[in-house]
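Notes to accompany the following structure.
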Amino acid sequence: MSNYELLIKSLLQFPSEKWLSRYFDLVKKLLTDLDIDSNDPRLALTLPKNGILPVNLGQRYVFRPGNDGYVGCIVPIDFDTESVDGFEVFFFSTKGINDAKFIDIPMFENQPFCEYVYNACLEECHKILQHCKKSGFRKHHVSILYDFIMEPSVRSELLRDIF
């Protein structure tokens, strides 16, 4: 299966065209705020066969859409997950000490994404970028996914075709 076919298959599992557009706008904002481009070795946008479409920085997942209308993202270890109606999925650790966590929070089509969560995610991503040189997932990086995220015309055309 080509990367293009795998991308289409992955996109079809999510709630709606509008929900996906909002999610990818959020990822675009994150990559823009971090000043990361497709050639940065610390970034890996992958298309795993399970269709989860993770955004990886260094060795860590930082964003992931859920087909249940939730968005997963990395936040600092002391982030108050309950205050945003989220739940903890797993913890990241360095040398056996938990130092960040990955949470799922609901993302609704008609409401802005929680700025408090976005800023916490951005803060944690900056920490990752300070100490990593290359993503271990880089060999699986798919540049078509970067173009899909960053170019609204490419994204809207493809989403219109499949929804």
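Under this note's numbering, the first residue of the sequence shown is numbered 1068, with each subsequent residue one higher. Glycine included, every Cβ here is placed at the ideal spot set by N, Cα and C. Predicted model only: the values in this text are computed from it and were never measured.
Contact annotation: Met-1174 and Tyr-1137 have beta-carbon atoms nearer than 8 Å.
Here the alpha carbons of Asp-1171 and Asp-1135 stand approximately 10 Å from one another. Per DSSP, the beta bridge partners of Asn-1123 are Ala-1111, Tyr-1128. Per DSSP, Ile-1144 lies in no alpha helix (DSSP H) and is assigned neither H nor E. In the three-state scheme derived from DSSP, where H, G and I count as helix and E and B as strand, Pro-1173 is classed as strand.
Rounded to the nearest whole angstrom, the CA to CA distance from Asn-1117 to Ser-1088 is 20 Å.
By the neighbour-count criterion, in which a residue is buried when 16 or more other Cβ atoms sit within 10 angstroms of its Cβ, Ser-1210 is exposed. Taking 8 Å as the cut-off, the Cβ atoms of Val-1151 and Ala-1167 do not count as close.
Per DSSP, reduced to three states, the secondary structure at Glu-1218 is coil, with no helix or strand assignment. The bridge partners DSSP lists for Ser-1160 are Asn-1165.
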